[in-house]
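These notes concern the structure reproduced below.
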Amino acid sequence: MNGLETTQIQCPYCWETFETVVDCSVVEQQYVEDCYVCCQPIVFQVTSDGEQITELRISAENQ
Ligand SMILES: [Zn+2]
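Here the sequence shown stands for residues 17 to 79, numbered as in the working numbering.
Shown next as C-alpha cells:
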C-alpha cells in the first residue's frame, strides 16, 4: 500500500474515459489535471480515508 489508487474517470468535455492516479494519503484535496485526450482542465475533488478513495467528483473548470 503506497497510498496511490488508480481510478477511471470520464472527461466532462469530450466524455472519453481514462485512468488517472490519485494520492489517497491526502484526506481531502482539489486539483486540476488536464484531460489526456482533449487536454482541457478537469477539476478533481477527492475525499479519501487515508488509503482509499471514498468520494471522487469531476467537474469542468469553466462552468
Ligand atoms: Zn477530454
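Yeah, the Cβ is synthetic: ideal placement off N, Cα and C, and Gly gets one too. All figures in this text were calculated on a predicted structure; none of them were measured in a lab.
With respect to the beta strand (DSSP E) encompassing residue i, which residues constitute its N-terminal and C-terminal limits?
{"i": "V38", "result": "33–39"}
{"i": "Q26", "result": "20–26"}
{"i": "D50", "result": "44–50"}
{"i": "Q61", "result": "57–64"}
Hey, is residue i's beta-carbon within less than 9 Å of any beta-carbon in chain B?
{"i": "V37", "result": "Among the chains of the structure shown, chain B does not appear; only one protein chain is present."}
Taking residue i and residue j to be in contact with their CB atoms under 8 Å, please state how far apart those CB atoms are, rounded to whole angstroms.
{"i": "Q24", "j": "E35", "result": "5 Å"}
DSSP puts residue i in a beta bridge; with which residues?
{"i": "E77", "result": "In DSSP, E77 forms no bridge with anything."}
Can you determine whether any heavy atom of ligand 3 sits closer than 8 Å to the C-beta of residue i, and answer yes or no?
{"i": "Q56", "result": "With respect to ligand 3, the structure shown offers nothing to examine, as its ligands consist of ligand 1."}
Quiz item: Contact between the segment 39–47 and the segment 56–65: three or more CB pairs below 8 Å?
Solution: yes
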